[in-house]
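Beneath this line is the structure, given in structure tokens, with notes to follow.
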Amino acid sequence: MLALAVRLLHNEEAARDIVHDIFASILSEQLKNVTPAYLLTGVRLACLKYIRSLSIKERINRLYAVELHEIEDEEWPDDEVVVKINELIETLLPEKTKKIVRLRFNSQMKYKEIAETLSISEVAVYKHLHHAMNVLRQNLN
């Protein structure tokens with residue numbers, strides 16, 4: 003159970019707390035006949051609840067195992083990188099893809115909303131964004 007929690011959270015202390023809480027709830031409710039599958043499902047759900055409670059920046063830091071002191075708020079994201087990304091979007095992407103990227107990232111629209119706005123399918127939105135991300139990755143590296 004602990005191994006699953008650590009694998010999901012990348013944080014051994016939080017994982018130990020979650021596993022402890024699962025056992026504490028079983029003991030307090032005096033549950034009997036608890037199966038391993040029940041325990042693992044409980045750990046997985048508790049980990050997902052914990053992850054949802056984190057801010058986006060904390061999620062990214064945990065995902066990439068970055069220490070908080072390595073990223074300063076005023077340095078992340080770097081203004082030069084943002085300018086470079088915008089230049090790449092303007093010069094390398096087709097007009098429709100540019101529009102979809104702006105709607106997704108500037109207007110924070112969901113795929114479905116973009117699809118309805120532009121009268122295209124959600125799959126087309128996904129493909130345009132996927133193409134844009136590939137172009138950006140290739141040119142930023």
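Under the working numbering, the first residue of the sequence shown is numbered 3, with each subsequent residue one higher. Note that the Cβ used here is the ideal one computed from N, Cα and C, for glycine as well.
DSSP-derived helix/strand/coil call for residue i
i	result
Pro96	coil
Ile122	coil
Asp80	coil
Gln32	coil
Leu70	Low per-residue confidence applies at Leu70: pLDDT is 47, beneath 50, and the placement is therefore not dependable, though the value from the model is reported in the following sentence. Reduced to three states, the DSSP call for Leu70 is helix.
Asn108	helix
Leu22	Residue identity check: residue 22 is His in the sequence provided, not Leu. In this structure, His22 counts as helix in the three-state DSSP scheme.
His133	helix
Asn143	coil
Leu10	helix
Thr37	coil
Minimum C-alpha distance to residue i - residue among the options
i	options	result
Leu41	Leu56, Phe25, Arg54	Phe25
Leu138	Val125, Leu4, Val85, Lys114	Val85
Val127	Asn136, Gln110, Ala117	Ala117
Tyr52	His22, Ala16, Glu31	Ala16
Arg46	Asn143, Leu10, Pro96	Leu10
Counted within 10 angstroms of its Cβ, other Cβ atoms place residue i as buried (16 or more) or exposed
i	result
His132	exposed
Ile102	buried
His130	buried
C-alpha gap between residue i and residue j, whole angstroms
i	j	result
Thr99	Leu29	55 Å
Val68	Ser121	With a pLDDT of 47 at Val68, under the threshold of 50, the predicted position of this residue should be treated as unreliable, though the coordinate-derived value follows. Cα-Cα distance, rounded: 40 Å.
Thr37	Thr43	10 Å
Leu56	Phe107	21 Å
Glu92	Asn143	18 Å
Residues near residue i in its chain [Cβ-Cβ closer than 6 Å; skip 5 each side]
i	result
Leu105	Met111, Ile116
Ile73	Per-residue confidence for Ile73 stands at a pLDDT of 49, beneath the threshold of 50, marking its modelled position as unreliable; the derived number appears in the next sentence. Same-chain partners within the cutoff: there are none.
Close Cβ partners of residue i (< 8 Å) along its chain, the five nearest in sequence each way excluded
i	result
Cys49	Leu6, Ala7, Leu10, Leu11, Ala17, Ile20
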